[in-house]
Structures are given as C-alpha cells and as structure tokens.
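Note that our numbering has the sequence shown beginning at 1, numbered continuously upward.
All residues carry an ideal CB built from backbone N, CA and C; glycine is no exception.
Notes for the one structure printed next.
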Amino acid sequence: MNEWFCTVFPNDLDEMPQDFESYVEAKEYGDEMFGEGDYTIESPC
C-alpha cells in the first residue's frame with residue numbers, strides 16, 4: 001500500500017476531492033477537469 005498521496009480539491013464546492021498516487025497525476029487531472037488555477041493540490045506528507 002502506498003502511504004503517500006496527493007488530493008485535488010476543486011475550487012467549486014459542488015465537486016468532490018480526488019486522491020492520486022503522484023503529483024503529476026493530480027496536476028494532469030486538475031488541469032483537465034477544472035482548468036489551471038481552479039483547484040488546489042494538497043498532501044498530508
């Protein structure tokens with residue numbers, strides 16, 4: 001099990017956050033789904 005992950009939090013509160021195993025995956029998803037700057041990526045590590 002991978003302990004490290006990134007979560008994409010959309011600026012639109014009606015959208016659900018999504019977890020990814022890498023920053024690259026999280027950024028690609030955020031850019032494609034919400035547009036650059038319309039989300040925040042956070043990690044608990």
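Asked	Found
E15 vs F34 beta-carbon contact at 9 Å	yes
Rounded separation between E28 and P44 - CA only	19 Å
Assigned secondary structure, F34 (DSSP; H/G/I helix, E/B strand, else coil)	helix
Three-state secondary structure (DSSP) of E42	strand
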